[in-house]
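The numbering of the sequence shown is full-length UniProt numbering, which starts it at 1 and goes up by one.
First the structure, in the form of structure tokens, and then the observations on it.
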Amino acid sequence: MADIQLRFHHDMLVLSAPIDYALARQGVDVHEDFEFTSLIEPEMAADALRLEALAGAHCLVTATEGICPARLAHARMEDRAADVATAALASVNVNNPQHVLCEIGPCGLPLDPSNKASLKQTAQQYEAAARAFVGEGIGAGHETGAGHEAGAGVGKSAGSLSDGSHSGLSGASLGFGAVPGSGEGTPFDALFLNGMRTEADMRCAIEGVRKAYDGPLFASMDANEQGEFDRMTVQQAVEAMRGADVVGIRSSAAPEALCAAVRQMAQLTETPILVQIRVKAPTAQEKKRASLGGPVPGNPYPMPDALADAALQLRAAGAQFLRACGEATPAYTGALAVAALGRDCVR
């Protein structure tokens, strides 16, 4: 059993915020050069994740949202998925995290739910992304809170699902050994499917990943500013995420709307629930208004304190995992961590 599974339905846990906003503030063109930068300047990602860890994040999330082949192709890196995965894991594990989640975002291909070929092609994108993490070339070695040991060998374990497509990339220099597809002994705790908007895309994502990996899987779907999923009910969204070990929602909705969605999800599934709160950097005027205690129209989370208050409400609604995203800084992660400190989840 992966370490993260031991904490399901127990501790409130906070995920690190995406680091693309931090890198963008340093001048990186995250829309064009994000993956390339993660390879040639991995210390930038490691430093950003270090601040998230210092802020109190229990789970560090790899900067691999665009690791599907179709997404990497836009950066002319479609054959570098294993390199991107290895570099991302190194940037995370150097910070000795409690838990590591490997993010896989939408593949970006047009999807026709009525076309079997289209469904198969989309599922293959997510399978390839999963194999970048569990295939030959990335290996075991992650130990909770202890980083990884140097000198581990590289090879295939009996449980490996590698097809050899990433031969030539060695994880030995990073202290990684062989990776089974079960999630045990891997340099990460779980894969994390994030940002899917449609039921068909999420189903394809889970189907594809499960062909390569049967360990813990987080899944989260996007909702609008009212906390509503795109052309589907909460029940349909939860059903689409069947097969994942944690189900989630990502939205910029106000706490009341988010809590309503979480309560519905809690009634529909017994799996742990993840809530990602998308925040927007406040303007100077919004900061001033928030500091005076007034509401900020169109920006329910102008300051980290607002996120801390929301965290307590979301816990009461049934959430276990919390994450600040969007234009979130480590201060927002810290606010969530303080709110979660010493608290068990309610379900």
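Glycine residues also receive a C-beta, built at the ideal position from the N, C-alpha and C atoms.
> How would you call T233, buried or exposed, if buried means at least 16 neighbouring beta carbons within 10 angstroms?
Replying inline: exposed
>> Tell me the residue span of the beta strand (DSSP E) that contains F321.
In response: F321 to G326
> Based on the DSSP output, what are the partners of N95 in its beta bridges?
Replying inline: DSSP, once it has assigned bridges, lists no residue as partnering N95.
> Do you know how far the Cα of P216 is from the Cα of M202?
Replying inline: 16 Å
> What are the boundary residues of the beta strand (DSSP E) that V279 is part of?
Replying inline: I273 to V279
>> Which residue wins for smallest C-alpha separation from A17, given the options A319, L307, A257 and A316?
In response: L307
> Rounded C-beta distance between L101 and D230? I'm assuming under 8 Å.
Replying inline: Incorrect: roughly 24 Å between the Cβ atoms, too far for contact.
>> I'd like the list of long-range same chain contacts for R289, defined as Cβ closer than 7 Å, with 5 residues on each side in sequence excluded.
In response: V296
> Which residue's Cα is closest to the Cα of L322: S91, Q267, A123 and G56?
Replying inline: G56
> Three-state secondary structure (DSSP) at A63?
Replying inline: coil
> Taking the alpha-carbon positions, what's the H10 to A319 distance?
Replying inline: 11 Å
> Below 8 Å between beta carbons: does that hold for G66 and A123?
Replying inline: no
> Whose CA, out of L60, P302, V262 and T86, lies closest to the CA of I40?
Replying inline: T86
>> Let me confirm a value: residue 350 is counted as buried when at least 16 other C-beta atoms fall within 10 Å, else exposed. Which label applies?
In response: Examination of residue 350 is not possible in this model, given that the chain is present from 1 through 347 alone.
>> Can you check which of these residues, D47, P42, A219 and L51, is closest to D83 by C-alpha distance?
In response: P42
>> Quick check on M44: does DSSP put it in helix, strand or coil?
In response: helix
> Can the beta-carbon of D305 be found closer than 8 Å to that of A261?
Replying inline: no
> Expressed to the nearest angstrom, what Euclidean distance is found between the alpha-carbon atoms of V338 and K116?
Replying inline: 47 Å
> What span of residues does the alpha helix (DSSP H) with M265 cover, start to end?
Replying inline: P255 to L268
> Where do the ends of the beta strand (DSSP E) carrying D305 lie?
Replying inline: From DSSP, D305 is part of no beta strand (DSSP E) but of the alpha helix (DSSP H) over P304 to A317.
> Over what stretch of residues does the alpha helix (DSSP H) that includes M77 continue unbroken?
Replying inline: Here M77 belongs to no alpha helix (DSSP H), and DSSP marks it neither H nor E.
> Under 8 Å between the Cβ atoms of A316 and V275?
Replying inline: no
> Which first and last residues belong to the beta strand (DSSP E) in which V246 is found?
Replying inline: V246 to S251
> Hey, quick one: how far does the beta strand (DSSP E) through F133 stretch, first residue to last?
Replying inline: Here F133 belongs to no beta strand (DSSP E); instead the alpha helix (DSSP H) covers K116 to V134.
>> Which residue marks the beginning of the beta strand (DSSP E) containing V14, and which one marks its end?
In response: L13 to L15
> Can you give the beta carbon distance from F133 to L49, rounded, assuming they're within the 8 Å contact cut?
Replying inline: Between L49 and F133 the Cβ distance is about 17 Å, and since that is not below 8 Å, they are no contact.
> Three-state secondary structure (DSSP) at C102?
Replying inline: strand
> Where in the stretch 181-206 do unbroken runs of the beta strand (DSSP E), each at least 3 residues long, occur, reported from the N-terminal end onward?
Replying inline: 190-196
> G153 by DSSP, collapsed to three states: which one?
Replying inline: Low confidence applies to G153: its pLDDT is 29, below 50, so where it sits in the model is not reliable, and the reading given next is rough at best. Residue state, collapsed to three classes: coil.
> Along the chain, where does the alpha helix (DSSP H) that runs through I290 open and close?
Replying inline: Checking the sequence shown, residue 290 turns out to be Ala, not Ile. Per DSSP, A290 belongs to the alpha helix (DSSP H) from A284 to S291.
> Straight-line CA distance for N93 to K280?
Replying inline: 28 Å
> Any idea if Q264 is buried or exposed, counting beta-carbon neighbours within 10 angstroms, 16 or more meaning buried?
Replying inline: buried
> With distances taken from CA atoms, which of D3, R7, E256 and D20 is nearest P330?
Replying inline: D20
>> Measuring straight from C-alpha to C-alpha, what distance separates E239 and L292?
In response: 43 Å
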